[in-house]
Amino acid sequence: MFKRKSKSSSNENQASMDSEDAGEAVSVPTVGADFIRMVSDAVHHTADLVVKPIPPNLTLIYIDNLVDTVTLNKHILEELLEQPIESPENIVSILSVPQVKFAQKNRESVEAMMDGCVLIHVEGYAQVVLALIPTPESRQVSAPENESQVIGAQIAFNESLSRNVSLIRRYIKNPSLCKEDLEVGKQSKTSIAMLYIKDVASDQMVTTLRQRIADLQIDSVLDSSILEQLIDDNSLSIFPQMLLTERPDKVSAEILNGKIAVIVDGSALAIISPHSFIEFFQSQEDQNLRWQTATFLRLLRFGAVVLSVFLTPLYVAALTFHYEVIPQTLLVPLSESRALVPFPPLLEALLIELIIELLREAGVRLPTKVGQTIGIVGGIVIGTAAVQAGITSNILIIIVALGALSSFTTPSYMMGNVIRIIRFPLILLAGLWGFYGIMLGFCFILVHLLRQTSLGSPYMAPFYPPRLIDWRDSIVRLPLPFTFKRPTNTRPEDEDKYKPEPVNPEKNEQKVK
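Numbering-wise (numbering that gives the first Met the number 0), the sequence shown opens with residue 0 and increments by one.
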């Protein structure tokens, strides 16, 4: 029974594939009525299909709300009605639309229509003219919402692929900036752009990333975050191996460093690859600040990450197994604070951490002004009430609040979520085995990080394997004359960003004289 069913299913799939191949091979009908019937059947007679016959020999077909009606009426209909059309070539010479091309196959014309093209068919010809006039952008370019900075550009991507590419080209005015157009999706074709600088980006990495995208078998890709999970090196890892960013200046800077950017149509985020673990804690603003300030802020971020991950587990381990490490002056008030708490430190910490995460999630999902109020007022009210009710101690409230505050210093939203999540298994290990459990969890995380790669590049670069030249712009940021090399983890074809020449004031004064 099962074998017959499997065979029947296989035959159906084969028939479906054959019908799709046949649809690709069928030419455009020469008769206008047959062409209308073909397009209507292809879109299953959808209600928003618009058919406009123009006597004596023209037929216009498009999807409503996918084309710009102003451009359609002014630059296509008016121009076609002004003079007789004898062939498709006449249409191309008459229309003032920038993007006009021909199609000879049914499927090619239907797919173009779904991208915002108007199909213009001339009676008696087995080809159709495709005039691309998509609807204008619904959202203009705005300031970044999740990656704000004080010094630097105040501009972010929007959902238009062409607009996002143009933003990058404004930063990188280089003819070597290459753009490759790709498509992904079986049910819905999603346009994807891959950008890199020829002779700077690694050819091997470009080929690998292009192949990963081309090999995807998925119904559709609705956002860059979905594509990032599909093409990274290890999708089972909790740590992201590619960066998602909304800042065009960040993308441009990484492309100049020899990396590759991927932009998905309909998404306001760009993918940057390869990307090491240490780079997730670096902000684009670090390059705009003096090196002393940038180094201080980077050290502050890394210290905040350590506090966010280990502070609550250390509290649980110390109170459960290691009272001897607590100073005598702190032990007495700590004991008094916990005297009325009925829960063990492990359960107490997990309860408060979960409450903080609930407040944070509620603040994100609610409208902006309401969410900020809920986060601040809710935290104060619940924290005060929990202490007065004897559910938790004052010290744990301070520790959890400090850990939550520290997690917000991570520039990457995706990595910030990881920092929040890995705190919970460490709390469990601390409650079970104390400091030994924390060390066990830390070793497991470290080994996992050392095993990861980003587009074939070591994830823990430049520390493993050690590359001393890249340490100049890692945890610290040395002055720009010392960071004239591109990162080696990108395997750039051209390693030099610029040739450092120290400024000589005396030499400049002589030139002025």
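C-beta: ideal position from N, C-alpha, C; glycine also. Fair warning: this is a prediction, and the values are worked out from it, not measured in the lab.
What does DSSP give as the partner residues of residue i in its beta bridges?
i      : result
Leu181 : Ile191
Asp198 : The partner list for Asp198 (beta bridge, DSSP) is empty, contrary to what the question assumes.
Ser456 : Ser453
Cys442 : None, per the DSSP bridge assignment.
Ser26  : Lys104
Lys484 : Asp495
Val261 : Met193, Ile270
Leu242 : Ile271
Ile53  : Leu57
Val121 : Leu57
Ala361 : For Ala361, which the question treats as bridged, DSSP gives no partner whatsoever.
Val99  : Ala130
Asp472 : Arg476
Leu176 : Ile196
Kindly list the residues whose CB is nearer than 6 Å to the CB of residue i, restricted to its own chain and excluding five residues on each side of it in sequence; keep chain order.
i      : result
Thr408 : Arg300, Ala303
Tyr314 : Ile398
Ser108 : Ala102, Leu118, Val127
Val50  : Ile35, Ile60
Ser272 : Met241, Ile259, Leu454
Phe279 : Ser411, Met414
May I have the straight-line CA-CA distance separating residue i from residue j, to the nearest angstrom?
i      : j      : result
Lys178 : Tyr195 : 7 Å
Val185 : Leu215 : This sequence places Lys at residue 185; Val is not what is there. Spanning the two alpha carbons is a distance of roughly 10 Å.
Asp472 : Phe462 : 12 Å
Glu494 : Pro486 : 8 Å
His74  : Tyr458 : 52 Å
Pro410 : Met241 : 14 Å
Pro239 : Gly415 : 11 Å
Ile355 : Thr206 : 44 Å
Glu110 : Phe481 : 51 Å
Ser39  : Val117 : 14 Å
Ser406 : Ile212 : 33 Å
Phe156 : Asn163 : 6 Å
Gln291 : Gln281 : 15 Å
Gln283 : Glu323 : 44 Å
Lys484 : Tyr497 : 7 Å
Arg198 : Pro247 : Residue identity check: residue 198 is Asp in the sequence provided, not Arg. Approximately 21 Å, taken between the alpha carbons.
Val331 : Trp432 : 24 Å
Leu353 : Gln203 : 44 Å
Leu208 : Ala338 : 58 Å
Gln148 : Arg297 : 14 Å
Thr70  : Glu81  : 16 Å
Asn287 : Glu88  : 53 Å
Met113 : Val42  : 10 Å
Ser251 : Glu227 : 18 Å
If I measure Cβ to Cβ from residue i and keep anything under 7 Å in the same chain, skipping five residues before and after, which residues do I get?
i      : result
Ala21  : Low local confidence applies: a pLDDT of 43 at Ala21 is under 50, so the model's placement there is unreliable, and no value is given.
Ser224 : Leu243, Leu268
Lys37  : According to the sequence shown, residue 37 is Met rather than Lys. Excluding positions up to five away in sequence, the list reads Pro28, Asn105.
Glu245 : Pro143, Asn145, Glu146, Ala155, Phe156, Ala267, Leu268
Leu477 : Trp290, Arg471
Pro464 : Pro457
State yes or no: is the C-beta of residue i within less than 8 Å of the C-beta of residue j?
i      : j      : result
Ala130 : Val27  : no
Pro344 : Leu318 : yes
Ile60  : Ile35  : yes
Leu181 : Ile191 : yes
Gly151 : Thr134 : no
Val475 : Thr294 : yes
Leu160 : Asp264 : yes
Ser187 : Ser219 : yes
Glu122 : Asn64  : no
Leu358 : Ile373 : yes
Tyr124 : Thr29  : yes
Leu79  : Ile62  : no
Asn67  : Ile132 : Strictly speaking, residue 67 in this sequence is Asp, with Asn absent from that position. Yes, they are a contact pair.
Ala316 : Phe434 : yes
Tyr412 : Asn145 : yes
Val261 : Ile254 : no
Phe276 : Leu448 : yes
Give me, in chain order, the residues of the same chain whose beta-carbon lies closer than 8 Å to that of residue i; leave out the 5 immediate sequence neighbours on both sides.
i      : result
Ile351 : Ala385, Thr391, Leu395, Ile396, Val399
Leu428 : Pro312, Gly436, Ile437, Leu439, Gly440
Ser201 : Gly257, Thr489, Arg490, Pro491, Glu492
Arg466 : Ala460, Thr487, Asn488
Val417 : Ile237, Phe238, Pro239
Val340 : Glu347, Gly389, Ile390, Thr391, Ser392
His321 : Gly433, Phe434
Ile544 : What the structure shows of the chain is the stretch from 0 to 512, and residue 544 is not part of that stretch, so it cannot be assessed.
Leu333 : Leu318, Ile325, Ser392, Ile394
Asn173 : Ile196
| said: For the stretch 309-327 against the stretch 412-431, do three or more pairs of beta-carbon atoms, one drawn from each stretch, fall closer than 8 Å, so that the two count as touching? | reply: yes
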